[in-house]
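Residue numbers (mature numbering (1 follows the signal peptide of the UniProt record, and there is no 0)): -26 to -1, 1 to 571.
Glycine is no exception: its CB is placed at the ideal position from the N, C-alpha and C atoms.
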Amino acid sequence: MSRRLAVGACLLTVAALVLTATTACSASSGGSSTSGPASSGSSSSGRASSTPAGPSAGSAPSSSPGAGGAATYTAGAPLDWAACPANPNPAVKMTGFECATATVPLDWSDPGGRTISLAVVKHPAADAGQRIGSLMFNPGGPGGTGSTDFPNWIDGFPQDLRDRFDIISWDPRGIGNSTAVQCYDTPDELGEAIEPVSGYPTDPAAEQAWLPTWAAIGQACAQRNGDLLAHVSTADTARDLEALRLALGGDKLNYLGVSYGTFLGATYLNLFPENIRAMVLDGNLDPKAWTNGGQPATHSISHRIGSDRGVADNLDAFMSLCGQATTSACAFSAGSAEATKAKYQQLLQTLAAQPTTLPSGRVVTAGELTDSLGNAMDIVQAQFGAQGWSGSAAVLQEVWEAVNNPAPSSPVPSSPVPSTTAPGTTASSATESATGPAGSAGAGAAPAAESYKGPEQTWAVMCGDAAVPPASAWPAIGEEALRDYGPTAAGLIWGEAVCVDWPTRSAQPYLGPWNADPGITVLLIGNTHDPSTPFSNTQGMSTVLPRTSVLTVEGYGHTMLLNPSSCGGQYESAYFIDGTLPPAGTVCQQDVPPFGG
């Protein structure tokens, strides 16, 4: 859920990384479909091909194990559920969740070949007697992990949905506890590699070194991951989603996608339009903007989807609303909007001239602070492990006091200002260790340990799917972002430069068209002041999908899921339960405004 693009700039994941002092029909489930995922093979330029690229649900399994995989793929093979093991992160509560591992082909055009594994997690319906079916959830990214994000966010789901659906999520291929992309042995090695490309270049020499540094990182990823890099596209994950639908019994799909998960939903809809019962897309990503229609790009991804101006607008609102609040509600308040903005600029100028060492020993730079505060815009209230805008203001004030009163008695933040992270990384992500399991489908096979959740898992998807400008364009693009939207936006833009020389494009992407008719109306939800995917993306999604209903939520932060609206949640539940749509033009309010309103 953030705007992390590459290093320190967060883009699309709905994860709770914030600025801390350490750093969202009928009641029956409908008919079933028996076509396997590979039967809707697609190219980058068109929808599904008419020739099946693999087996249908009734096909026999491969006669020999897939090379490099732990099991063969059998379409429709049921999942073997068991109680989830405890997560090493005590903040992620797995009690009441069930886990399994699914086996899918690495290459959907070769379903009898090498296989990979997907970590899957389920929250069973609380009211089994009123259960409607399964509801698949994707937490965004690219790079969001269902095995950790979903349990962390379960309380944000409307109670009616928790009562009447088995809510199921998974770590997409290449990510988390599924067969995962990993470019270095340890997070420390990763940190050393990306340190030179943290923030944004501030002089011509840094600009000249920027792209070669990214190119070297890309080569390290290619050497370690081989064919996997070419098969982690959004379209591959959409085919995996179809495989999971079949493994769950073949009932038509109920799907909730947030942030980047909305792009996954749009991709699935266009590959498998006949297999959907209900679909809600929250915090939308305009698919044409993300893919650039498959054409060469002249602008960055962040600019095309509006994250650069979205985060700038939210930072401006943060300072204005903080200045209008009391210091008990916003510790960084200087008594007025203008005075608080001036205070923030003074803090950045001081840190730019001389990074500050906190009493804890942590060195804080201006770039680190702007990246972290930009990430913090996504969750307004303290919840889901995030401390919200008020908590972020408290940390800003702690840094302010450390800068202006560097005596030993200065307040010591509870932990250091966060290091930079990448798009799609979650709250616990960039420093986690242990790769995801590569085992076969078996009982309780989802995470026994948190994954090494590095930004390379995001890069692999983003760089494989989305077009970026050529190397020669970056100095001008970066200067424009800095001039128009400030240093946080500049970090977003320069972070995407990882894709310029990324070694592998997706082998089977889906880049449009987006107008397949699923025969149902898709419910689109958008916050009016979303920093990561501004409301223009929801409007864009409504123009490309043929049947949509738009629910507007007046408020800040990224997605309704992570910035709750009781009003919006009631409409969402009614839609999933019996297909009832909100009246045209419906606008809901967030439950709690920034700094208590």
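Beta-carbon separation (whole angstroms), residue i vs residue j, contact threshold 8 Å
| i | j | result |
| --- | --- | --- |
| Gly268 | Leu519 | Rounded, the Cβ-Cβ distance is 18 Å, inconsistent with contact. |
| Ser547 | Asp565 | Contact flag wrong, Cβ pair sits at about 15 Å. |
| Ser366 | Phe569 | At roughly 11 Å, the Cβ-Cβ gap does not stay under 8 Å, so Ser366 and Phe569 are not in contact. |
| Ala93 | Ala221 | With 8 Å as the limit, Ala93 and Ala221 do not qualify as a contact, their Cβ atoms being about 14 Å apart. |
| Val373 | Leu321 | 7 Å |
| Trp488 | Ala240 | 6 Å |
| Lys262 | Gly438 | About 18 Å; that fails the 8 Å criterion. |
| Ala196 | Pro380 | Rounded, the Cβ-Cβ distance is 45 Å, inconsistent with contact. |
| Gly235 | Asn112 | 3 Å |
Where residue i falls, given that 16 or more other Cβ within 10 Å makes a residue buried
| i | result |
| --- | --- |
| Thr400 | Low confidence applies to Thr400: its pLDDT is 32, below 50, so where it sits in the model is not reliable, and the reading given next is rough at best. Answer is buried; the Cβ neighbour count reaches 16. |
| Gly201 | Per the sequence presented here, residue 201 reads as Asp, with Gly not at that position. Label assigned to Asp201: exposed. |
| Val474 | buried |
| Gly114 | buried |
| Gln156 | buried |
| Gly280 | buried |
| Glu166 | exposed |
| Arg457 | exposed |
| Glu470 | buried |
| Thr190 | In the sequence as presented, Thr is not what sits at residue 190; that position holds Ala. With fewer than 16 other Cβ atoms within 10 Å, it is exposed. |
| Glu312 | exposed |
| Ala558 | exposed |
| Gly103 | exposed |
| residue 658 | Given that the chain is displayed from residue -26 to residue 571, the structure contains no residue 658 and the question cannot be resolved. |
| Val232 | buried |
| Ala163 | First, the amino acid is wrong: residue 163 is Glu here, not Ala. It counts as exposed. |
| Gln319 | exposed |
| Pro132 | buried |
| Ala179 | exposed |
| Thr153 | buried |
| Ala368 | buried |
| Thr46 | buried |
| Ser207 | buried |
Other residues of its chain near residue i: CB distance less than 6 Å, five sequence neighbours each side excluded
| i | result |
| --- | --- |
| Gly571 | none |
| Asn61 | Met68 |
| Ile499 | Asp256, Leu525, Met534 |
| Ala286 | Tyr459, Gly460, Ala463 |
| Val496 | Met253, Leu519, Thr522 |
| Ile142 | Lys96, Ser108, Met110 |
| Val377 | Thr324, Thr330 |
| Gln482 | Ala209 |
Collapsed DSSP secondary structure at residue i in the structure displayed
| i | result |
| --- | --- |
| Gly148 | strand |
| Phe292 | helix |
| Leu555 | coil |
| Asn489 | coil |
| Ser302 | coil |
| Arg136 | helix |
| Tyr530 | strand |
| Pro125 | helix |
| Val206 | coil |
| Arg521 | coil |
| Gly115 | coil |
| Gly231 | strand |
| residue 624 | Because residue 624 is not part of the residues shown, which for the chain are -26 to 571, the question remains open. |
| His503 | strand |
| His277 | helix |
| Val566 | coil |
| Ser334 | coil |
Cutoff 7 Å; reference residue i; Cβ partners in own chain excluding five residues on either side
| i | result |
| --- | --- |
| Asp282 | Ser276, Ala455, Tyr459, Ala463, Leu466, Ile467 |
| Ala99 | Arg105, Asp137, Arg138, Phe139, Asp140 |
| Val561 | Thr526, Glu528 |
| Leu555 | Thr495, Leu497, Ser523, Tyr549 |
| Ala445 | Leu185, Val474 |
| Gly542 | Ile499, Leu525, Val527, Met534, Cys562 |
| Leu135 | Leu109, Ile141, Ser547, Phe550 |
| Glu181 | Pro175, Pro449 |
| Ala326 | Ala340 |
Close-in-space but distant-in-sequence residues of the same chain around residue i (CB under 8 Å, 5 per side omitted)
| i | result |
| --- | --- |
| Lys315 | Asp290, Met293, Ser294, Gly297 |
| Asn199 | Val155, Gln156, Cys157, Ala434 |
| Thr272 | Pro443, Ala447 |
| Pro329 | Val337, Val338, Thr339, Ala340 |
| Ile451 | His273, Ser274, His277, Pro443, Ile467 |
| Ser510 | Asp260, Gly280 |
beta-carbon residue i near the ligand MG non-hydrogen atom, thresh 7 Å
| i | result |
| --- | --- |
| Glu342 | Although the ligand MG was asked about, the structure shown includes no ligands whatsoever. |
Do the stretch 337 to 353 and the stretch 459 to 468 make contact, defined as three or more Cβ pairs closer than 8 Å? yes
Is it true that the stretch 113 to 127 meets the stretch 78 to 95, where meeting means three or more beta-carbon pairs spaced less than 8 Å apart? yes
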